[in-house]
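Chemist: Sequential numbering of the sequence shown, starting at 28, is according to the numbering used here.
Got a structure for you, questions after.
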Amino acid sequence: MARWSPPLLEGRIVRLEPLAPHHEEGLWHASRDPATWTWLNVVQPRTRGEWSAFLGQALSAADAGTEIPLVTLRHGEIVGSTRFLALRLEHRSVEIGWTWLHPSAWGTGANVEAKLLQMRHAFEVWGCRRVEWKTDAENERSCRALEALGATFEGVHRKHMLVRDGENRDSAWYSVLDDDWPSVSAHLEARLAGK
């Protein structure tokens, strides 16, 4: 079965590299702030064993070709992670998700550049027609960030998921299409020029 290869993506602010076992220690330290986990689907792993299991699931998904997890480095330091999900080669469509950053990287342009690099790869290398995101509909910060990227709000799937310890989550969906990409790319480049 054909699959997309994990990319190495490098910008001025961040470098995204395929998740590997040697990243475990750096990701553990980057993941310790509880604020990072407020809106993620799972409870924050508290022990090294829980953390190893969490990363093991990501590595297994990568091995199976169902997800492409990437480690986010800012100025050479691991500050978080993101993934390509819902890899639908037959439809030339992909989701970007499971994105988290240590709060020290918030507002630095790291997320904006990471999304620019991921979208550029999806549209210009993989030939995608659609890049999508879903986020907790109550996560106003994430919704604002996606809108600021130039993504289009597509609606809310009510009672879409059970997250963390059985909490209901309504998911807000966003997308950028290949038709939108030239203007979205120019917009993000202009945003980053000021960083």
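Think of the CB as a built atom: it goes at the ideal place given N, C-alpha and C, for glycine as much as any other residue.
Which residues in the same chain as W127 place their Cβ atom closer than 7 Å to its Cβ, once the five residues preceding and following it in sequence are excluded?
Modeler: As a first step, residue 127 is located in the sequence shown; it is residue number 100 there, counting from the start. Result list for W127: T63, L67, G107 and S108, in chain order.
Chemist: Could you tell me which whole beta strand (DSSP E) segments of length 3 or greater appear in the segment 126-181?
Modeler: The qualifying runs are 157-163.
Chemist: How about H129 and D60: are their beta carbons less than 7 Å apart?
Modeler: For the purposes of this step, residue 129 is taken as residue 102 along the sequence shown, with counting starting at 1. For the purposes of this step, residue 60 is taken as residue 33 along the sequence shown, with counting starting at 1. Going by C-beta atoms, H129 is nearer than 7 Å to D60.
Chemist: According to DSSP, simplified to helix, strand and coil, what is V211?
Modeler: The residue you call residue 211 lines up with position 184 of the sequence shown. Of the three classes helix, strand and coil, the one that applies to V211 here is helix, per DSSP.
Chemist: Between the alpha carbons of R196 and L112, how many angstroms are there, rounded?
Modeler: Here residue 196 corresponds to residue number 169 of the sequence shown, with the count starting at 1. Here residue 112 corresponds to residue number 85 of the sequence shown, with the count starting at 1. Distance between the alpha carbons of R196 and L112 is about 19 Å.
Chemist: Is it true that the CB of V41 sits closer than 7 Å to the CB of A141?
Modeler: Reading the sequence shown from its first residue, position 114 is the one you call residue 141. Reading the sequence shown from its first residue, position 14 is the one you call residue 41. In this structure, V41 lies closer than 7 Å to A141 by Cβ.
Chemist: Please classify R110: is it buried, with 16 or more other beta-carbons within 10 angstroms of its beta-carbon, or exposed?
Modeler: Start at 1 with the first residue of the sequence shown, and residue 110 comes out as number 83. Classification for R110: buried.
Chemist: Closest by CA to R30, which one among A89, G53, Q71 and A85?
Modeler: Here residue 30 refers to the residue found at position 3 of the sequence shown. Per the Cα distances, A89.
Chemist: Would you mind sorting L144 into buried or exposed? The rule is 16 or more other CB atoms within 10 Å of its CB.
Modeler: Translated into positions along the sequence shown, residue 144 becomes position 117. Answer is buried; the Cβ neighbour count reaches 16.
Chemist: Can you say whether D192 is buried or exposed, counting buried as having 16 or more other CB atoms within 10 angstroms of its CB?
Modeler: By 1-based counting over the sequence shown, the position of residue 192 is 165. It counts as exposed.
Chemist: Return the first residue and the last residue of the beta strand (DSSP E) that L43 is part of.
Modeler: Position 16 of the sequence shown, counted from the first residue, corresponds to residue 43. Element bounds for L43: V41 to P45.
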